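Engineer: Residue numbers (our numbering): 66 to 442.
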Ligand SMILES: Cc1ncc(COP(=O)(O)O)c(C=O)c1O
């Protein structure tokens, strides 16, 4: 698999150039509105004095870091504001590979392809741990795959592409694997607001120095274009100087500064305003809408006898159709003949190469469900 070039754009381009109407179930970009307070914050910012248009602190606006720290139950000093979870994941993986012994990154298969591409980019070896039959990661399988060469283990919950949410026990076990193998568990939690199972558990709950959590507002506030994310580093307090996690945060701050200088100030200010002025109803409404879309799509999958993983979180449903494996060619057939664009399972690894991933970030899930019924029925 060519992980150097993320494949999303290839499918999106094919769908865009198709000779017919296509429901786009490829991208992970929300199609719904951000909170009203976010637009309000941005409008107000336009009239701010000149100083508000200058560099924010490289680590992020202090008030935003405080707000994040309070929400995540950590110390503000542990928080670094980044250009999306993408940058946070990069700093985490690069830092982990440098600080922890070993050259290898363990990934769950199927995986969000940017992790694998980034591991390539960083010159690391990757080992893929196939998910269990229910689409969850089995911590015992991760333990078995881990070795003295494992420097970083990357997990994502709620999960892209499987649409499952890992529970508290699994997260504690994964952190324990990282501790026992002197590795860093990077837990990407960008879909934390999209848990339909009630079982989401952050890796932060463990308080271990062997876990680093990444997140962003791309999905939770429906602003993938704003580029505001963050990393929560292990608490350095009390760590021996020789501990691999001891210098992790300082080095990441420096790298962040050297590569990006800092993040966007208006974007951070807008996010802060939104966080302070948005009630839980906004998030509940969005979750309800996603839940309805899940019901519509899985209804069609049931009707045509497809196998699918019970959606518990994030925006995605993985499904397998007998005699129609999830190759790029079949994705193109589905675009041309059914008018539905999904992602091929093979873009995410080998374990679910036969499957297709459908994203629920479209208000045309009804049309997609009808078209899948007509095509596979
Ligand atoms: C698992 C996962 N992590 C990170 C990202 C990127 O997040 P950001 O927009 O904050 O860089 C995505 C986007 O789809 C994702 O699915």
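By construction, the Cβ of each residue, glycine as well, lies at the ideal position given by its N, Cα and C atoms. Just so we're clear, the structure is a prediction, and the values are computed from it rather than from any experiment.
#1: Give every residue of the same chain whose Cβ lies closer than 6 Å to the Cβ of residue 83, excluding the five residues on either side of it in the sequence, and list them in chain order.
#2: Taking just the CA atoms, how far does residue 436 sit from residue 141?
#3: Report yes if the C-beta distance between residue 378 and residue 256 is below 7 Å; otherwise report no.
#4: Look up residue 286 in the DSSP assignment and say whether it is helix, strand or coil.
#5: Can you round the beta-carbon distance between residue 89 and residue 80 to whole angstroms, since I take them to be within the 8 Å contact cut?
#6: Going straight from the alpha carbon of residue 209 to that of residue 357, what length do you get?
#7: According to DSSP, simplified to helix, strand and coil, what is residue 408?
#8: Buried or exposed, going by whether 16 or more other CB atoms sit within 10 Å of the CB of residue 324?
#9: Go through its chain and collect everything with a Cβ distance to residue 392's Cβ below 7 Å, but skip five positions before and after it.
#10: Measuring alpha carbon to alpha carbon, tell me which of 277, 322, 96 ends up nearest residue 144.
#11: Among all the DSSP beta bridges, which residues are the ones paired with residue 280?
#12: If we ignore side chains and look at the alpha-carbon of each, how far apart do residue 368 and residue 114 end up?
#13: Using the beta carbon as the reference atom, which residues fall closer than 6 Å to any heavy atom of ligand 1, ordered along the chain?
#14: Should residue 165 and residue 248 be called a contact, given that it needs their Cβ atoms to be closer than 7 Å?
#15: Can you check the stretch 183-224 for any alpha helix (DSSP H) of at least 4 residues that lies completely inside it and give the ranges in chain order?
#16: DSSP beta-bridge partners for residue 251?
#17: Starting from residue 325, follow the alpha helix (DSSP H) in both directions and report where the run begins and ends.
#18: In this structure, how does DSSP classify residue 350 when only helix, strand and coil are distinguished?
#19: Here's a check: name, in chain order, each residue in its chain whose Cβ is nearer than 7 Å to the Cβ of residue 94, leaving out the five neighbours to either side.
#20: Residue 158 and residue 146 look like a contact to me (Cβ under 8 Å); what is the Cβ gap, rounded to whole Å?
#21: Fully enclosed by the stretch 119-154, which alpha helix (DSSP H) runs are 4 residues long or longer?
#22: When you compare only the Cα positions, how much space is there between residue 383 and residue 405?
#23: For residue 97, count neighbouring Cβ atoms within 10 angstroms of its own Cβ and tell me buried if that reaches 16, exposed if not.
#24: What is the rounded straight-line gap between the Cα of residue 479 and the Cα of residue 168?
#25: Please state the DSSP three-state secondary structure of residue 108.
#26: Are the CB atoms of residue 193 and residue 214 within a distance shorter than 7 Å?
#27: Rounded to the nearest angstrom, what separates residue 329 and residue 104 at their Cα positions?
#28: Measure the beta-carbon distance from residue 295 to residue 285 and round it to whole angstroms, keeping in mind my assumption that it falls under 8 Å.
#29: Counting along the chain, where does the alpha helix (DSSP H) carrying residue 169 start and finish?
#30: Taking the alpha-carbon positions, what's the residue 262 to residue 230 distance?
#31: Following the continuous beta strand (DSSP E) through residue 382, name the residue where it begins and the one where it ends.
#32: By the DSSP assignment, the alpha helix (DSSP H) with residue 440 in it spans what residues?
#33: Could you give the C-beta distance for residue 124 and residue 318, rounded to a whole number, given that I count them as a contact under 8 Å?
#34: What is the DSSP secondary structure of residue 86, counted as helix, strand or coil?
#35: Check whether the Cβ atoms of residue 416 and residue 196 lie closer than 7 Å to each other.
Structural biologist: Well, looking at it:
#1: 400
#2: 49 Å
#3: yes
#4: coil
#5: 6 Å
#6: 38 Å
#7: strand
#8: exposed
#9: 409, 411
#10: 277
#11: 295
#12: 59 Å
#13: 93, 149, 150, 151, 177, 221, 225, 253, 255, 281, 283, 289, 294
#14: yes
#15: 204-210
#16: 219, 277
#17: 313-325
#18: helix
#19: 289, 426
#20: The Cβ separation is near 18 Å, so there is no contact.
#21: 127-137
#22: 14 Å
#23: exposed
#24: As shown, the chain starts at 66 and ends at 442. That puts residue 479 outside it, with no answer to give.
#25: helix
#26: no
#27: 16 Å
#28: Not quite, the Cβ-Cβ distance comes to about 12 Å (not below 8 Å), so this is no contact.
#29: Not the alpha helix (DSSP H): residue 169 falls in the beta strand (DSSP E), residues 169-174.
#30: 7 Å
#31: 381-385
#32: 430-441
#33: 6 Å
#34: coil
#35: yes
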